[in-house]
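Comments concern the structure below.
In the numbering used here, the protein residues as written are 1335 to 1870.
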């Protein structure tokens, strides 16, 4: 039978090839690369323009911005996901029962990569980095708190890497703050693997471990987010950014947006399977009390409750479909604990215990082979069909109806650059693409304090009507009328957009101080260029 490690390697290669075949990506990615490009120019977020992320995030995008390549981020994203999947296998194989089939560790690690790849926006979101960092941090907490000889003291290596990556995961997606808090408290307080511990010893150990881990995570959070503003003397920009994040900039209902998304296919299968695993584990420990103390059972429920803590905090905010990636780490840890435990627990299999090991090995090998064959068919179809000349031509410069999906096609930037070279051969004027970010990071142009593209759309959708905060560092408006006024009074020399972009009406008015200077065409697409004709 094929070695599980070989099948795991094949799965990683096939998924990676498929990922590079993608022709679209989440629009958010272009925002992140833009702020990475501004970081290369010495600008921290919130010092000149508002971004609804914490200051650490642009540091992840400095390299993609430097090379002006989405593929650079894709390589980094896949690398982080694969490394975290390896940690799932290596850490939990040293913690769980020796009777676990070896194939289950590789199988669940491959499923972890596959679920991230197959989910909304695949590897091209910051969620992939966040869930990778969180998963490794969770596993470092497990490593530091599970085995008897490890759990009694704090070990510097798991503490260093676990707290650093935990702080970074929180900095990317703050939802992970309560998730890691629940994970840490449950892992320490339950005392998994510790035997014959007195109550006083338990209390001292719990306070010590939770305190040290908490302080370490907070310290790393300070270093990666606040320290750059202290060093550069821009603390007021930092406080303004936090104030804006605390403003009502997203009016979406957390419960409504979550349940609307989770009812969709395939999301509903993800949630139902997770809940069914939890129901099975509850039923098992009720029926077989001797299983309650098993490490895999405790880790299953800690991981499950951590995931539910993430659901709870999201309910208080808002939920986008691609947020499902944030749960995949906890889900796959639960899946590994469930599958391994189900194969060895009392009453699961009618096979004699001496025969069960070989049965388990064959089961996971066959399942793994079927999984890899599916990946091979999927990858082959992408190579043959998606890259055929007819397919590429039919999708060239296509209209993307989903506002949150962006194409790899750079037609706007190409036609606008040709316009600049023709009309401004000696000195390039300032410009703004209100509804597009790619032109700004590809052509190294700041947005001149204006909101980024997503927030611009939010303003025109009426999402910021209740925002009252104003900053001396970046522009803030509450509605479309204020945006039009801001564009009129402080807009750059050139403004470029497609005819159906939200701010187009602002510039078509006679009182806008702008006039249409050119209509740049590529196929059936048009880019309007407006030039300032008067100063306010």
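Built from N, CA and C at the ideal position, the CB exists for glycine as well.
{"Check": "As assigned by DSSP and simplified to three states, the class of residue 1851", "Outcome": "strand"}
{"Check": "Cut-off 7 Å between Cβ atoms - residues of its own chain near residue 1688, not counting five sequence neighbours on either side", "Outcome": "Reliability of the predicted coordinates at residue 1688 is poor, the pLDDT of 44 falling under 50, and no value is obtained from them."}
{"Check": "Short Cβ contact (9 Å threshold) for residue 1555 with residue 1385", "Outcome": "no"}
{"Check": "Span of the alpha helix (DSSP H), counted from its first residue to its last, around residue 1461", "Outcome": "1460 to 1479"}
{"Check": "Cut-off 6 Å between Cβ atoms - residues of its own chain near residue 1495, not counting five sequence neighbours on either side", "Outcome": "1474"}
{"Check": "Short Cβ contact (9 Å threshold) for residue 1359 with residue 1740", "Outcome": "yes"}
{"Check": "Closest residue to residue 1592 among 1653, 1598, 1401 (Cα-Cα distance)", "Outcome": "1653"}
{"Check": "Nearest neighbour of residue 1828, chosen from 1451, 1406, 1757 [CA to CA]", "Outcome": "1757"}
{"Check": "Beta-carbon proximity of residue 1813 to residue 1796, cut-off 9 Å", "Outcome": "yes"}
{"Check": "Residues near residue 1614 in its chain [Cβ-Cβ closer than 6 Å; skip 5 each side]", "Outcome": "none"}
{"Check": "Sequence-distant residues of the same chain with beta carbon closer than 7 Å to residue 1374, five excluded per side", "Outcome": "1396, 1399, 1400"}
{"Check": "Option in 1344, 1383, 1393 with minimal Cα separation from residue 1444", "Outcome": "1344"}
{"Check": "Residue 1476 and residue 1521 closer than 9 Å at C-beta", "Outcome": "yes"}
{"Check": "Entirely enclosed alpha helix (DSSP H) segments - the stretch 1553 to 1584, minimum 4 residues", "Outcome": "1561 to 1566, 1569 to 1579"}
{"Check": "Residue from 1650, 1430, 1844 with nearest C-alpha to residue 1627", "Outcome": "1430"}
{"Check": "Reduced DSSP category for residue 1739 - H, G, I as helix; E, B as strand; rest coil", "Outcome": "strand"}
{"Check": "CB of residue 1831 within 9 Å of CB of residue 1784, strictly", "Outcome": "no"}
{"Check": "For residue 1863, the first and last residue of its enclosing beta strand (DSSP E)", "Outcome": "1859 to 1866"}
{"Check": "Assigned secondary structure, residue 1842 (DSSP; H/G/I helix, E/B strand, else coil)", "Outcome": "helix"}
{"Check": "Per-residue DSSP class, three states only, for residue 1539", "Outcome": "helix"}
{"Check": "Residue 1506 and residue 1463 closer than 9 Å at C-beta", "Outcome": "yes"}
{"Check": "Where residue 1811 falls: helix, strand or coil (DSSP)", "Outcome": "coil"}
{"Check": "Separation of residue 1547 from residue 1668, as counted between CA atoms", "Outcome": "23 Å"}
{"Check": "Cutoff 7 Å; reference residue 1793; Cβ partners in own chain excluding five residues on either side", "Outcome": "1785, 1811, 1813, 1814, 1817"}
{"Check": "Which of helix, strand or coil DSSP assigns to residue 1806", "Outcome": "coil"}
{"Check": "Burial state of residue 1559, where buried means 16 or more other Cβ atoms lie within 10 Å", "Outcome": "buried"}
{"Check": "Local conformation of residue 1356 per DSSP, three classes", "Outcome": "coil"}
{"Check": "Short Cβ contact (9 Å threshold) for residue 1414 with residue 1466", "Outcome": "yes"}
{"Check": "Endpoints, the alpha helix (DSSP H) within which residue 1801 is located", "Outcome": "It is not in any alpha helix (DSSP H) - residue 1801 carries neither H nor E in the DSSP assignment."}
{"Check": "Pairwise C-alpha distance: residue 1612 and residue 1517", "Outcome": "17 Å"}
{"Check": "Residue 1708 classed as buried or exposed, judged by whether at least 16 other C-beta atoms fall within 10 angstroms", "Outcome": "exposed"}
{"Check": "Span of the beta strand (DSSP E) around residue 1429", "Outcome": "Taken as a continuous stretch (DSSP letters only), residue 1429 belongs to no beta strand (DSSP E), as it is neither H nor E."}
{"Check": "Backbone CA spacing between residue 1513 and residue 1839 [nearest angstrom]", "Outcome": "44 Å"}
{"Check": "Beta-carbon separation (whole angstroms), residue 1562 vs residue 1389, contact threshold 8 Å", "Outcome": "7 Å"}
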